[in-house]
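Numbering (the working numbering), first residue to last: 154 to 688. Beta carbons are placed, not taken as given, at the ideal position from N, Cα and C, and that holds for glycine. Treat the numbers as computed from the prediction; the structure is a model and nothing was measured. Structure first, then comments.
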Amino acid sequence: MSKKKSNSFVKGAAILGIAAVVIKLMGAFFRIPLGNMIGDMGMSYYQSAYPIYNYLLVISTAGIPTAIAKIISEKIALGDHLGADKVLKTSLSMMLIVGSIFALSLVIFSGNIVSYVKNPNAIYSILAITPAIFFVSLMSVYRGYFQGYQHMEMYAWSQVVEQFVRVSVGFFLAYILLSKGVEFSAAGATFGATIGAIFGSIVIIYMFRNFKKKTNFDITDKFREETSGEILKNLFKIAIPITLGASILPIMTIFDLAIVMRRLTSVGYTVVEANRLYGQLTGYAQTVVNLPQVVTSAVQISIVPAISRFAALKDDFKRNQTIEVGLRLAVIIGLPSSVGLALLSGGIMRLLYPYQIEIASNIGAILGILGFGVVFLSIFQITTGILQGLGRQKLPALNLFYGAILKLILSYTLVGIRVLNIKGAAIATVSAYGLAALLNFVSMAKVSKLKINYEKLFFRPLVDVFAMSVVIEIIKFIVSPFSDRLATLLAVFLGGFTYLVMLFVTKTISDEELKIVPGGLKLKEIGNFVNSWRK
Numbered sequence: 154m155s156k157k158k159s160n161s162f163v164k165g166a167a168i169l170g171i172a173a174v175v176i177k178l179m180g181a182f183f184r185i186p187l188g189n190m191i192g193d194m195g196m197s198y199y200q201s202a203y204p205i206y207n208y209l210l211v212i213s214t215a216g217i218p219t220a221i222a223k224i225i226s227e228k229i230a231l232g233d234h235l236g237a238d239k240v241l242k243t244s245l246s247m248m249l250i251v252g253s254i255f256a257l258s259l260v261i262f263s264g265n266i267v268s269y270v271k272n273p274n275a276i277y278s279i280l281a282i283t284p285a286i287f288f289v290s291l292m293s294v295y296r297g298y299f300q301g302y303q304h305m306e307m308y309a310w311s312q313v314v315e316q317f318v319r320v321s322v323g324f325f326l327a328y329i330l331l332s333k334g335v336e337f338s339a340a341g342a343t344f345g346a347t348i349g350a351i352f353g354s355i356v357i358i359y360m361f362r363n364f365k366k367k368t369n370f371d372i373t374d375k376f377r378e379e380t381s382g383e384i385l386k387n388l389f390k391i392a393i394p395i396t397l398g399a400s401i402l403p404i405m406t407i408f409d410l411a412i413v414m415r416r417l418t419s420v421g422y423t424v425v426e427a428n429r430l431y432g433q434l435t436g437y438a439q440t441v442v443n444l445p446q447v448v449t450s451a452v453q454i455s456i457v458p459a460i461s462r463f464a465a466l467k468d469d470f471k472r473n474q475t476i477e478v479g480l481r482l483a484v485i486i487g488l489p490s491s492v493g494l495a496l497l498s499g500g501i502m503r504l505l506y507p508y509q510i511e512i513a514s515n516i517g518a519i520l521g522i523l524g525f526g527v528v529f530l531s532i533f534q535i536t537t538g539i540l541q542g543l544g545r546q547k548l549p550a551l552n553l554f555y556g557a558i559l560k561l562i563l564s565y566t567l568v569g570i571r572v573l574n575i576k577g578a579a580i581a582t583v584s585a586y587g588l589a590a591l592l593n594f595v596s597m598a599k600v601s602k603l604k605i606n607y608e609k610l611f612f613r614p615l616v617d618v619f620a621m622s623v624v625i626e627i628i629k630f631i632v633s634p635f636s637d638r639l640a641t642l643l644a645v646f647l648g649g650f651t652y653l654v655m656l657f658v659t660k661t662i663s664d665e666e667l668k669i670v671p672g673g674l675k676l677k678e679i680g681n682f683v684n685s686w687r688k
C-alpha cells in the first residue's frame, strides 16, 4: 500500500479514535456523577429517551454520511470535485426536510411511546432531546463530506465540541432541576444533547466554509453533471441498506425495553424494581462497555472511503491490504478490551460508582457478561465498514437482523428466569453480537476473496491476551485484600502494559505496520527494546 494512502486511512482512524476517546471520557465524567446524583431511577428516565431518539436519528441520518462519503471518495479519486460539491448540496436540501419531519414526529407521538414502554415520567426527557434530531441531521451531511475527503480532523472537531457542550449544559441543568424531581433532572440532562447539536452544527459549517476558501482543486468539465434526481437515487441505493441495518439496533432496543420490563414484572419484580434493573444495565454497565467501541467505530468510519477509493481505481492489492489492517485492528483492540472488562468488571464498577456501592456488585456481574461481547462488536463494526466500502451494504444489515432475532428470543426466555433477571438481557446481547460478527466475517471473506492469515489474526492476539490475563489475576490475588481500588488500577495499567509488550514478543505487529501508525516510531523503539531483551 502506498505510504501516503495508508497514512491517510490510519491517520484518519487515529484522529477519530482520539476524538472518540475524549468524547467518551467526557461522557463518562458526565454519566458517572449523573448516575450518582439522580440514582438508577433517574437514569432509567434519562436512558429511556435514547432508544426512541436513536431510532429516529438512525433512520434520518445513519446511512447518509456513509453514502455521501462513499460517493464523494469515488468522485475525488477520479478528479470530479464539482460533482462532489453537487452531492453535498443535494444532500443538504434533503436532510433539512427529513430532520424536520422526524423531530416533529417524535413530539407528536411521545405520549404514545412512554405509555407503551410503561415509563410515563420519561416523556420530559424525550421532549427535551427532540430538537437535536434536526441539527444532527444537518451535521451528518457535512461529516459525510469531510469523511469522503478523508479530512477526519474536521469531522472530529465537530464531535468534540458537540459533546463538550452536551455534557456541560446537561449536567448543569440536571443539577439545578434536581429539586423539582429526578424526572425533570433527567430531562435537563437530555436537553444538553440538543444544545450540543446546535453548537456542533455551527462549528462544522464554519470549518466547511474555511475549507472551501483554502482549497483550490483543478476543476474540469470532462465529467457529465448528474441531476439531483440521479444523485438522490445513488444516495438512496447506498444509504437505505445501511439505514435498515443501523435501525435494527434501536428497534431491537425499543422492543427489548418492553420485553425486559414486562418479563421482569411477570416474575415478581415491581415496576420500580424493574426500572432500577434496566437502569443498571443501560445506564451503568453499557456506559463502560461502550468505551472500547469508540476506537473500532473510528476505524469503521475511516475505512469506508479508503476501500471505496481503491475499488474505484480497481487497485485490488491496496484494497486488500487496507482490509487486512482493519481486521487486525478489530481483533487487537477488541480482544483485550473484552477479556479485561470481564476479569475486572466488579472492581471497575466499585471504582467508578463509589456512591452506588450497594448495587455495584450486581452491575459488575452485568458488566462481566457484556464484556465478552466487545470483541464480537469490534469485528462486526469493522467488517461492516469493509463490506460497505466494497459496495455490499445489504449484507451487514441482514446479518445484524439475524442477531437481533436471536437477542429478542433469548431476552424473552432468559429475563423470565428470576435468578438471571436483567443478566439474561446481557447474555442475549452478547449472543446477538457473536452471531452477527460471525456472519459478517464469513460474508466479508467471500466478497473480498481475501486469503486470511488466521494464525496472525487470531492466535497471536489470544496468546498476548492470555499473558495479560495472568498478570491481572496475580495482581488481584495479591493486592485486592489490601485495596480493591488499587488492585483495579494496577491491573488495568500493568495488564495493558503486558499486552503491549506481548504484541512485540509474538510479533503480532510488524515493523512495516508500525510505520503507518501515528506514534508508531515510539512504539517501534519499545519493540526493539523488547526484542533485544529476548536475545
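For this session: Could you tell me how far apart the beta carbons of Y308 and F299 are, in whole angstroms, since I believe they sit closer than 8 angstroms?
Result: Position 155 of the sequence shown, counted from the first residue, corresponds to residue 308. Position 146 of the sequence shown, counted from the first residue, corresponds to residue 299. Cβ-Cβ separation between Y308 and F299: approximately 5 angstroms, consistent with a contact (criterion under 8 angstroms).
Problem set entry | Three or more C-beta pairs below 8 angstroms linking the segment 262-270 and the segment 323-342 | No, they do not touch.
Exercise. Which one of L385, I456, N189 and M405 has the shortest CA to CA distance from L559?
Worked result: Your numbering for residue 559 matches position 406 in the sequence shown. It is M405 whose Cα lies nearest to the Cα of L559.
Problem set entry | L235 and V294 closer than 8 angstroms at C-beta | On the sequence shown, position 82 is the one that residue 235 refers to. On the sequence shown, position 141 is the one that residue 294 refers to. Not in contact: L235 and V294 (Cβ atoms no closer than 8 angstroms).
Problem set entry | Span separating the alpha-carbon of F255 from that of K164 | By one-based count along the sequence shown, residue 255 stands at place 102. By one-based count along the sequence shown, residue 164 stands at place 11. Using only the alpha carbons, I get a separation of about 35 angstroms.
Exercise. Buried or exposed: where does N606 fall if 16 or more other Cβ atoms within 10 Å of its Cβ makes it buried?
Worked result: Stepping through the sequence shown from its first residue, residue 606 is reached at position 453. By the neighbour-count rule (16 or more Cβ atoms within 10 Å), N606 is not buried but exposed.
For this session: Could you round the C-beta distance between G252 and L280 to whole angstroms and report it? I think they count as a contact, below 8 angstroms.
Result: Counting from one through the sequence shown, the residue named residue 252 turns up at place 99. Counting from one through the sequence shown, the residue named residue 280 turns up at place 127. Between L280 and G252 the Cβ distance is about 17 angstroms, and since that is not below 8 angstroms, they are no contact.
For this session: Given a cut-off of 8 angstroms, decide if G297 and P394 are closer than it, judged by their beta-carbon atoms.
Result: As a first step, residue 394 is located in the sequence shown; it is residue number 241 there, counting from the start. As a first step, residue 297 is located in the sequence shown; it is residue number 144 there, counting from the start. Not a contact, by the Cβ cut-off of 8 angstroms.
Exercise. How is R571 classed by DSSP in three states: helix, strand or coil?
Worked result: Mapped onto the sequence shown, residue 571 falls at position 418. Coil.
Problem set entry | C-alpha gap between V135 and S596, whole angstroms | Any answer about residue 135 is impossible in this case: the structure gives the chain only from 154 up to 688.
For this session: Note down the Cα distance separating S622 from L523, rounded to an integer number of angstroms.
Result: The residue labelled residue 622 in the question sits at position 469 within the sequence shown. The residue labelled residue 523 in the question sits at position 370 within the sequence shown. So the alpha carbons of these two residues sit roughly 17 angstroms apart.
For this session: Would you mind giving the Cβ-Cβ distance between K239 and I384, rounded to the nearest angstrom? I have them listed as a contact below 8 angstroms.
Result: Start at 1 with the first residue of the sequence shown, and residue 239 comes out as number 86. Start at 1 with the first residue of the sequence shown, and residue 384 comes out as number 231. Rounded, the Cβ-Cβ distance is 6 angstroms, consistent with contact.
For this session: Please go through the segment 421-458 and give each complete alpha helix (DSSP H) segment of 4 or more residues, from N-terminal end onward.
Result: 424-432
Exercise. From L573 to I625, what does the alpha carbon distance come to, in whole angstroms?
Worked result: Position 420 of the sequence shown, counted from the first residue, corresponds to residue 573. Position 472 of the sequence shown, counted from the first residue, corresponds to residue 625. Approximately 27 angstroms between the Cα atoms of the pair.
Problem set entry | Three-state secondary structure assigned by DSSP to L388 | Position 235 of the sequence shown, counted from the start, is the residue given in the question as residue 388. Helix at L388.
Exercise. Does the Cβ-Cβ distance between T449 and A483 come in under 8 angstroms?
Worked result: The residue labelled residue 449 in the question sits at position 296 within the sequence shown. The residue labelled residue 483 in the question sits at position 330 within the sequence shown. Yes.
Exercise. Quick one: what's got a C-beta closer than 7 angstroms to F337's C-beta in the same chain, skipping five residues either side?
Worked result: Position 184 of the sequence shown, counted from the first residue, corresponds to residue 337. Closer than 7 angstroms at Cβ, skipping near neighbours: Y277 and L330.
Exercise. Under a three-way DSSP split, which group does I605 fall into?
Worked result: On the sequence shown, position 452 is the one that residue 605 refers to. DSSP places I605 outside both helix and strand once states are collapsed to three, so it counts as coil.
For this session: Report the option in L643, S419, A275 and K365 whose CA atom is closest to the CA atom of I570.
Result: The count along the sequence shown starts at 1 and reaches residue 570 at position 417. Residue S419 is the option with its Cα nearest to I570.
Problem set entry | Top-ranked residue by Cα proximity to R472, from V478, F529 and F463 | Taking the first residue of the sequence shown as 1, we reach residue 472 at position 319. Answer by Cα proximity: F463.
Exercise. Whole alpha helix (DSSP H) runs in the segment 278-322 with 4 or more residues, listed along the chain?
Worked result: 285-301
Exercise. Using a Cβ-Cβ cut-off of 7 angstroms (strictly less than) and excluding sequence neighbours within five positions of M154, which residues of its own chain qualify?
Worked result: Here the question's residue 154 lines up with position 1 in the sequence shown. Confidence is the limiting factor: at M154 the pLDDT is only 43, short of 50, which leaves the residue's position unreliable, though a coordinate-based value still follows. Around M154: K471, Q474 and T475.
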